[in-house]
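Asks: Got a structure for you, written out below as structure tokens; questions coming shortly.
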Amino acid sequence: MATLAPAQPLAQTRPQLSSRIKSERRLGWLLSAPAVIALLAVTAYPIINAAYLSLFNYRLTSPGERSFIWFKNYQVILTDRLWWGDFGTTVLITVVTVTAELVLGFALAMMMKKAIVGRNFLRTAILVPYAVITVVSAYAWKYAFASDSGFINPLFGTAQDWFGARGSALFVICLSEIWKTTPFMALVLLAGLAQVPDELDQAAMVDGATLWQRLRRVTLPNMEGAIVVALLFRAIDGFRIFDNVFIMTAGAQGTETVSILAYRQTISRAQIGLGSALSVLLFASVALICFGFIKLFRIDPARVRGG
Amino acid sequence: MTSKRTRVEFVLASLVVIFFSLAPVVWIVSLSFKAGDDIDNKRFWPTHWSWDNYRTVFHTDLFTSALRNSIGIALIATVVAVVLATFAAYAIARLDFPAGKFVLTLVLVVSMFPAISIATPLFNLWRSIGLYDTWLGLIIPYLSLTLPICIWTLAAFFRQIPRQLEQAAAVDGATPWQAFRLVIAPLATPGMFTTAIIAFFIAWNDFVFGITLTSTNRARPVPAALAFFSGASQFQQPTAAISAAAVVVTIPVVVLVLIFQRRIVSGLTAGAVKG
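Protein chains in written order, with this note's numbering: chain A, 766 to 1072; chain B, 92 to 366.
Right, here's the structure in full:
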């Protein structure tokens, strides 16, 4: 971190300050140790534990029959069409929602930036979905589309059983997900937009560039960092999707995602070995997405952040 | 530059955005006021407005105990996360601490962990050491959700405090620890408060841990409890009760976020665009 740059030359020239630097480093470790230990305890330990358990044939209902089977669980999963189907569904939901959120989020960010009147009101309204619990959002959308309580069918004169088929069920799941998470995207992109100097846009406008040209050649390249960070965090979040699917369909009609599958194997079926292997595979997928982003966009992991 | 036409277009677009932002919330509020069979009236608004569903949920043990659990667990998880994160963020942002980069990378990796990958091994572990279905059994994994964002947000807040303050304190003979405790920490209080709201909201929002690591009213938080609601009679859908319970847990948080919106937005996006 470059935060202490001004202090360092002083330290090298004055010996009495170097002891101060030493004590600062010691204090640094002392202060961050509790957080680091807590972070490792709540993530590294469980995932290592999962990796270990994934090598066993182990059911909670018959603990006596626990046996070491090497990578058999992974072989079972990776050769099963269920896994690849769920994996495909998860990728589909991620791609659809993140794309829609990027477009909508960017439009919202532009609106908030250009707003002459009512900017605060607009921001207030946009923050409402962010503040709603995901499970509540899922119920609100589910009940709106449901055949018994919903107003969507009568409103559009349709008689669709939205949760009776894969396509329409995924459509409602994606709607709820997009509604709930576009605000985050919009806010991060707005912060990115604020970094683009207005002079650049005005200069391009004087040169006769159209709105589209200015957007593509001036605005977007100058806020690439914010776009990549927003995309990365939303892609990872999208891939972990659980709440919306669980509430709306519980994975029925071919809407099951990887997280739901891992939940079902471990909790409902008490297949600890198989469920652990699924957890490890889910973690590996997310790590792969992250790694891909870092390689593709050359991000410095220590400099990005998200919510 | 702002012709009348673009102004009208802008106002129209804003109205569309505001409508879509609010409609689902208004809808669930409307549902919660539909009594009895009115719930299936297939229209947006109730035929008769009624408080019946609220009376029902507040007399349902499943909901009242879940509310108690959610408030207690989220509050404790928030306080622990903010305290631990304040120390770590100060070290990262203000001290000559080269390992801060490593800590930040670790924080980033943790924030990307799929909750279900943590929940399934903990399900097994908690059962064997007696933490399954307890408050502590949820508070610990909640740290994996709240600590990363707390550290990031607080580090951003600490960076905004003028560096001269610590230098002045050092000149006056204060140790780094005294400078932190007496000079910086009081100035960082607004930042800690904002971070606490964000952390509380994340813990409040959790569903994955709530549903995997609890099994009874002892520790089950509200989002998980909603999934276990049943109707007034066994032939009735729990739609109305769920809606009323959802409104009860949503409206206070929405109000809280809106009151502190300026700070929360800066907290959420701080550092997203700069280092």
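The beta carbon of each residue, even a glycine, is placed where N, CA and C say it ideally should be.
Note that the coordinates shown come from a computational prediction; the quantities given were computed from them, not determined experimentally.
My assumption, with CB atoms under 8 Å, is that L847(A) sits in contact with A1035(A). Please give the rounded CB distance.
Replies: Sequence index remark: in the first sequence, residue 847(A) carries index 82 (1-based). Sequence index remark: in the first sequence, residue 1035(A) carries index 270 (1-based). Not a contact, Cβ separation roughly 18 Å.
Asks: Please tell me whether F249(B) and F1048(A) are closer than 8 Å, where the distance is taken between their beta carbons.
Replies: Stepping through the second sequence from its first residue, residue 249(B) is reached at position 158. Stepping through the first sequence from its first residue, residue 1048(A) is reached at position 283. Not closer than 8 Å, so no.
Asks: For W140(B), name the three-state secondary structure that DSSP assigns.
Replies: Position 49 of the second sequence, counting from 1, holds the residue named residue 140(B). Here W140(B) sits in strand by DSSP.
Asks: So with Cβ pairs under 8 Å, would you call V107(B) a contact of chain A?
Replies: The sequence position of residue 107(B) within the second sequence is 16, counting from 1. Not one chain A Cβ lies under 8 Å of V107(B).
Asks: Under the DSSP definition of a beta bridge, which residues are partnered with F1073(A)?
Replies: Since the first residue shown for chain A is 766 and the last is 1072, residue 1073(A) is missing from the structure and cannot be characterised.
Asks: If contacts are defined as beta-carbon pairs under 8 Å, then A331(B) and I130(B) qualify, I think. What distance do you get, rounded to the angstrom?
Replies: Walking along the second sequence from the start, residue 331(B) turns up at place 240. Walking along the second sequence from the start, residue 130(B) turns up at place 39. Right, the Cβ-Cβ distance comes to about 5 Å (below 8 Å), so this counts as a contact.
Asks: If L887(A) sits next to S105(B), beta carbons under 8 Å apart, how far is it from one beta carbon to the other, in whole angstroms?
Replies: The residue given as residue 887(A) occupies position 122 in the first sequence. The residue given as residue 105(B) occupies position 14 in the second sequence. About 6 Å separates the two Cβ atoms, so the contact holds.
Asks: Taking its Cβ as the centre, do 16 or more other Cβ atoms sit within 10 Å of I240(B), making it buried, or is it exposed?
Replies: Indexing the second sequence from 1 puts residue 240(B) at position 149. Its Cβ being crowded by 16 or more others within 10 Å, I240(B) is buried.
Asks: Can you check DSSP and say which residues form a bridge with K125(B)?
Replies: One-based indexing of the second sequence puts residue 125(B) at position 34. DSSP lists W140(B) as partners of K125(B).
Asks: Mapping DSSP to helix, strand and coil, what is Q1036(A)?
Replies: Looking up residue 1036(A) in the first sequence gives position 271. The answer is strand: DSSP assigns Q1036(A) an E or B state.
Asks: Using the rule of at least 16 other Cβ atoms within 10 Å of the residue's Cβ for burial, across every protein chain shown, is G827(A) buried or exposed?
Replies: Taking the first sequence and counting its residues from 1, the one referred to as residue 827(A) is at position 62. The sequence given here has Ser at residue 827(A), not Gly. So S827(A) ends up on the exposed side.
Asks: Taking the beta carbon of P312(B) as the centre, do at least 16 other beta carbons fall within 10 Å, making it buried, or is it exposed?
Replies: Here the question's residue 312(B) lines up with position 221 in the second sequence. With 16 or more Cβ atoms within 10 Å of its Cβ, P312(B) is classed as buried.
Asks: Please report whether the beta-carbon of Y181(B) lies at a distance below 8 Å from any beta-carbon of chain E.
Replies: Here the protein chains are A and B, and chain E is not one of them.
Asks: Can you tell which of S1041(A), I1001(A), I1054(A) and K1060(A) has its C-alpha closest to the C-alpha of A816(A)?
Replies: For this step, residue 816(A) is matched to residue 51 along the first sequence. Among S1041(A), I1001(A), I1054(A) and K1060(A), the Cα nearest to that of A816(A) is on S1041(A).
Asks: Using the Cβ count rule (16 or more neighbours within 10 Å means buried), how would you classify P277(B)?
Replies: As a position in the second sequence, residue 277(B) is number 186, starting the count at 1. Burial call: exposed.
Asks: Determine the closest residue to K125(B) out of I355(B), V344(B) and A335(B), with distance taken between C-alpha atoms.
Replies: Start at 1 with the first residue of the second sequence, and residue 125(B) comes out as number 34. Looking at the Cα atoms, A335(B) is the closest of the given residues.
Asks: Pairs of beta-carbons, one from the segment 1017 to 1036 of chain A and one from the segment 312 to 321 of chain B, closer than 8 Å: are there three or more?
Replies: These segments do not touch.
Asks: Spatial neighbours of V953(A) within its chain, please: CB distance less than 7 Å, with the 5 preceding and 5 following residues excluded, ordered by chain position.
Replies: On the first sequence, residue 953(A) is found 188 positions in, with the first residue counted as 1. The answer, listed in chain order, is A991, V994 and A995.
Asks: For L923(A), name the three-state secondary structure that DSSP assigns.
Replies: Position 158 of the first sequence, counting from 1, holds the residue named residue 923(A). According to the sequence as given, residue 923(A) is Thr; it is not Leu. Note: T923(A) maps to coil in three-state DSSP.
Asks: Could one say the Cβ of D926(A) lies closer than 8 Å to chain B's Cβ atoms, at least one of them?
Replies: The count along the first sequence starts at 1 and reaches residue 926(A) at position 161. Not an interface residue.
Asks: Is the segment 944 to 959 of chain A touching the segment 914 to 922 of chain A in the sense that three or more CB pairs, one from each, lie closer than 8 Å?
Replies: Because the criterion of three Cβ pairs below 8 Å is not met, the segment 914 to 922 of chain A and the segment 944 to 959 of chain A do not touch.
Asks: Can you say whether V171(B) is buried or exposed, counting buried as having 16 or more other CB atoms within 10 angstroms of its CB?
Replies: Against the second sequence, residue 171(B) aligns to sequence position 80. It is buried - the Cβ of V171(B) has at least 16 other Cβ atoms within 10 Å.
Asks: Can you tell me which of the three DSSP states Y223(B) falls into?
Replies: Taking the first residue of the second sequence as position 1, residue 223(B) is located at position 132. DSSP places Y223(B) in coil when its eight states are reduced to three.
Asks: Taking the CB atoms as reference points, tell me whether I164(B) and I230(B) lie closer together than 8 Å.
Replies: The residue given as residue 164(B) occupies position 73 in the second sequence. The residue given as residue 230(B) occupies position 139 in the second sequence. Cβ distance < 8 Å, so I164(B) and I230(B) count as in contact.
Asks: In chain order, which beta strand (DSSP E) runs of at least 3 residues are fully inside the segment 927 to 1015 of chain A?
Replies: Within the segment 927 to 1015 of chain A, no complete beta strand (DSSP E) run reaches 3 residues.
Asks: Does K1060(A) pass the burial test, meaning 16 or more other C-beta atoms within 10 Å, or should it be called exposed?
Replies: Here residue 1060(A) is taken as the residue at index 295 of the first sequence, counted from 1. Its Cβ having fewer than 16 others within 10 Å, K1060(A) is exposed.
Asks: Quick one: is T280(B) buried, meaning 16 or more other Cβ sit within 10 Å of its Cβ, or exposed?
Replies: Mapped onto the second sequence, residue 280(B) falls at position 189. It counts as exposed.
Asks: Quick one: which chain A residues come within Cβ less than 7 Å of S112(B)?
Replies: For the purposes of this step, residue 112(B) is taken as the residue at position 21 of the second sequence. Neighbours of S112(B) on chain A, chain order: A890, I891, V893 and P894.
Asks: Flag this pair as yes or no: are the beta carbons of V1045(A) and S235(B) separated by less than 8 Å?
Replies: Start at 1 with the first residue of the first sequence, and residue 1045(A) comes out as number 280. Start at 1 with the first residue of the second sequence, and residue 235(B) comes out as number 144. The answer is no: Cβ separation not under 8 Å.
Asks: Which same chain residues, not among the five before or five after W835(A), have their C-beta less than 8 Å away from its C-beta?
Replies: Along the first sequence, one-based indexing puts residue 835(A) at 70. For W835(A), where only same-chain residues beyond five positions count, the Cβ hits under 8 Å are L820.
Asks: Do G1019(A) and T862(A) have their beta-carbon atoms positioned less than 8 Å apart in this structure?
Replies: Locating residue 862(A) in the first sequence gives position 97, where the first residue counts as 1. Locating residue 1019(A) in the first sequence gives position 254, where the first residue counts as 1. Contact: no.
Asks: Give me the Cα-Cα distance between K878(A) and I288(B), rounded to the nearest whole angstrom.
Replies: Position 113 of the first sequence, counting from 1, holds the residue named residue 878(A). Position 197 of the second sequence, counting from 1, holds the residue named residue 288(B). Computed Cα separation, rounded: 25 Å.
Asks: Just verifying my parser: in three-state terms, what is the DSSP assignment at L304(B)?
Replies: Here the question's residue 304(B) lines up with position 213 in the second sequence. Coil.
Asks: May I ask you to verify whether the segment 177 to 193 of chain B touches the segment 782 to 801 of chain A, counting CB pairs closer than 8 Å and requiring at least 3?
Replies: Touching, yes.
Asks: Counting only C-beta atoms, is R134(B) closer than 8 Å to chain A at any point?
Replies: Here residue 134(B) refers to the residue found at position 43 of the second sequence. Yes, R134(B) lies at the interface with chain A (some Cβ there is under 8 Å from its Cβ).
Asks: Which residues in the same chain have their Cβ closer than 6 Å to the Cβ of T1014(A), if we skip the five residues on either side of it in sequence?
Replies: Residue numbering aside, residue 1014(A) sits at position 249 when the first sequence is read from its first letter. Taken in chain order, the residues that qualify are F928, A934 and T1020.
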